[in-house]
Amino acid sequence: MFFLAAASTHAALPPLGMIAPFALLLLCIALMPLFAPHFWEHHYAKVAMGLGLVTAVYYAFIQKDWHPLHHAAHEYVSFMALVGSLFVISGGINIRVKGEATPMVNTLFLLIGAVLANLIGTTGASMLMIRPWIKMNKYRITGFHIVFFIFLISNVGGALTPIGDPPLFLGFLRGVPFFWVLEHCWQAWALAVVLLLAVFYVFDAVNFRRAPKEVREMETAHEAWFFRGLLNVLWLGVVLGAVFLPKSIQETTVAGVFSVPALLMFAAATASYFMTKPEVHEANDFNFGPVKEVGYLFVGIFLTMIPALQILQSGELVKISSPMQYYFTTGALSAFLDNAPTYLSFLAASMGQQHLSVDSHADVLSYAAAHAPHLIAISLGAVFFGAGSYIGNGPNFMVKAIADKSKVHAPSFLAYMLRFSIPILLPVLIVVGWIMVK
79 MFFLAAASTH AALPPLGMIA PFALLLLCIA LMPLFAPHFW EHHYAKVAMG LGLVTAVYYA
139 FIQKDWHPLH HAAHEYVSFM ALVGSLFVIS GGINIRVKGE ATPMVNTLFL LIGAVLANLI
199 GTTGASMLMI RPWIKMNKYR ITGFHIVFFI FLISNVGGAL TPIGDPPLFL GFLRGVPFFW
259 VLEHCWQAWA LAVVLLLAVF YVFDAVNFRR APKEVREMET AHEAWFFRGL LNVLWLGVVL
319 GAVFLPKSIQ ETTVAGVFSV PALLMFAAAT ASYFMTKPEV HEANDFNFGP VKEVGYLFVG
379 IFLTMIPALQ ILQSGELVKI SSPMQYYFTT GALSAFLDNA PTYLSFLAAS MGQQHLSVDS
439 HADVLSYAAA HAPHLIAISL GAVFFGAGSY IGNGPNFMVK AIADKSKVHA PSFLAYMLRF
499 SIPILLPVLI VVGWIMVK
């Protein structure tokens, strides 16, 4: 369903200057909320679409090649179908909970979310659990609660199945066996999750001890959990079932852009929205603001990153070979490029070195068997480092938007990186890579 065509060997590569719109968009996302928040709030869609239009004009009227734009449109629609449907359907399930927000219970909550991410995707798990997470910690919640939620539930947790995170789903569609990631990556997943949970527990224990006595008593008061909107579990099943449709059906498209799985996901989301009782949406404070923001920004990202990915896939910009190099290079770009197309780009580059084609299921299966260390490195780098910034993975922005709307002080783009992803996440991922990537 997610599709990114490798650059044609016959087409001329874009000049390096065409990376400028992508770099400018990233700078805007990073700096504008900090230095011009009012302007950005009202004009981010125009900025993203405008920069994307620069790239679109270049390919349509200068290169006179519509194929990259067509593939970007197909990829974007498929991306938003999965992310958007999981957002809408999960928003129709309401979990009511108060209390029990001790450091141990919080740590267990994050562990459960990390496991659940492999069953309903990082987007589904994030949208289902972020509101209960905020409510159960409402008396002492801080930015690090939101950040570690993004680390564990929105990203690292989803590294065990193709359903868990879009990059792994890409590999599955290209021929990587469904249980290959679980078989080869579970130890790295377990190490990363345990290390991050240990760091979180220390942070949360300090935060809990600093809270006033009355706050600690409120946070530890027991209350049963209540669930509403469980009919939406059925619609989640429809979305996940679309993943397992036969390849011939998956490849059927309408207007060359809307795949059958994407249409099923949109239909499931629509049915969920209209069949969910209004009081459930009200209890979740559900609105389309977060997915709207993701939708506009990723239009710009998917368009402006076309030249960057083509140059990368050509081998003109980066030449790497060892699994460790693939782990960190895939990871570095996944933190900013969106990890799904980054995964496919490096998979194509690595397979190309072995004279194999990423478009051949047989070649992908052969590559997974003969070059497992490289595929492990690419898979872990894409999923784990997606937590490196708010734009590394779709759910990251959604979680931040929901936190902001709930009046939780979520870190800004730069603060997220300078205070959390670089000093905390990066050392953990370095340790995981050093031990697990061979």
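Okay, so the sequence shown: first residue is 79 according to this note's numbering, each after it adds one. Quick reminder that beta carbons are idealized off the backbone N, C-alpha and C, glycines included.
What does a CB cutoff of less than 7 Å around residue i pick up in its chain, not counting 5 residues either side in sequence?
i: isoleucine 502; result: Val277
i: glutamate 360; result: none
i: alanine 138; result: Trp144, Leu147
i: serine 350; result: Val166, Ile167, Gly170, Asn310, Trp313
i: tyrosine 494; result: Val225, Ser467, Tyr468
i: phenylalanine 304; result: Arg174
i: threonine 420; result: Thr408, Leu411, Ser412, Ala460
i: valine 477; result: Ser204, Ile208, Ile224, Phe227, Ile228, Ser232
i: alanine 347; result: Gly162, Ser163, Val166, Ile167
i: alanine 150; result: Phe380, Leu381, Ile384
i: methionine 353; result: Leu309
My understanding is that residue i touches residue j, with C-beta atoms under 8 Å, so please give their C-beta distance in whole angstroms.
i: leucine 458; j: tyrosine 445; result: That belief does not hold up - the Cβ atoms of leucine 458 and tyrosine 445 are roughly 16 Å apart, past 8 Å.
i: valine 132; j: proline 99; result: 5 Å
i: alanine 465; j: serine 499; result: 7 Å
i: phenylalanine 376; j: tyrosine 154; result: 7 Å
i: isoleucine 219; j: isoleucine 212; result: 6 Å
i: alanine 418; j: proline 245; result: 5 Å
i: alanine 410; j: phenylalanine 463; result: 7 Å
i: valine 272; j: glycine 472; result: Actually they do not touch by this definition, with Cβ atoms about 25 Å apart.
i: tryptophan 267; j: leucine 248; result: About 18 Å separates the two Cβ atoms, so there is no contact after all.
i: valine 515; j: alanine 270; result: Not quite, the Cβ-Cβ distance comes to about 12 Å (not below 8 Å), so this is no contact.
i: threonine 382; j: alanine 460; result: No, threonine 382 and alanine 460 are not in contact; Cβ-Cβ is about 19 Å, not under 8 Å.
i: asparagine 172; j: valine 358; result: 5 Å
i: tyrosine 136; j: methionine 96; result: 6 Å
i: glycine 221; j: proline 489; result: 5 Å
i: alanine 159; j: phenylalanine 344; result: 6 Å
Where do the ends of the alpha helix (DSSP H) carrying residue i lie?
i: asparagine 474; result: 472 to 483
i: isoleucine 454; result: 450 to 462
i: arginine 252; result: 244 to 252
i: arginine 287; result: 258 to 288
i: methionine 110; result: 98 to 113
i: glycine 409; result: 401 to 415
i: phenylalanine 78; result: Residue 78 falls outside the range modelled here, since the chain spans only 79 to 516, and no answer is possible.
i: histidine 145; result: 145 to 168
i: leucine 434; result: Note, leucine 434: premise wrong, no alpha helix (DSSP H); not H, not E.
i: leucine 492; result: 491 to 494
In three-state DSSP terms, what is residue i?
i: arginine 218; result: coil
i: threonine 180; result: coil
i: phenylalanine 304; result: strand
i: serine 337; result: strand
i: threonine 420; result: helix
i: threonine 524; result: Residue numbering for the chain in the displayed model covers 79 to 516; residue 524 lies beyond these limits and cannot be assessed.
i: isoleucine 173; result: strand
i: alanine 90; result: coil
i: asparagine 196; result: helix
i: alanine 84; result: Reliability of the predicted coordinates at alanine 84 is poor, the pLDDT of 39 falling under 50, and the value obtained from them is presented with this limitation in mind. Three-state result, alanine 84: coil.
i: valine 515; result: coil
i: isoleucine 231; result: coil
i: alanine 529; result: Past the edges of the chain, shown from 79 to 516, lies residue 529, and the structure says nothing about it.
i: alanine 126; result: helix
i: histidine 487; result: coil
i: leucine 503; result: helix
i: isoleucine 190; result: helix
i: tyrosine 70; result: The requested residue 70 does not occur in the structure, where the chain is confined to residues 79 to 516.
i: leucine 425; result: helix
i: proline 210; result: helix
i: isoleucine 398; result: coil
If I measure Cβ to Cβ from residue i and keep anything under 8 Å in the same chain, skipping five residues before and after, which residues do I get?
i: serine 86; result: Residue placement at serine 86 is flagged as unreliable, the pLDDT there being 40, under the threshold of 50; a coordinate-derived value is accordingly withheld.
i: glutamine 431; result: Ser399
i: serine 438; result: Gly253
i: glutamine 328; result: Met79, Leu251, Ser337, Val338, Pro339
i: leucine 492; result: Ala108, Leu109, Leu112
i: tyrosine 28; result: The requested residue 28 does not occur in the structure, where the chain is confined to residues 79 to 516.
i: methionine 182; result: Tyr279
i: leucine 541; result: This structure leaves residue 541 out entirely; the chain is present only between 79 and 516.
i: phenylalanine 406; result: Gly459, Gly511
In its own chain, which residues sit with a C-beta less than 6 Å from the C-beta of residue i, not counting the 5 before and 5 after it?
i: histidine 223; result: Asn215
i: alanine 195; result: Ala203, Ile231, Gly235, Gly236, Gly242
i: serine 435; result: Asp441
i: methionine 429; result: Val436, Tyr445
i: asparagine 474; result: Ile228, Ser232, Tyr468
Which whole runs of the alpha helix (DSSP H) in the region 311 to 388 are 4 residues long or more, in chain order? 325 to 328, 338 to 353, 356 to 361
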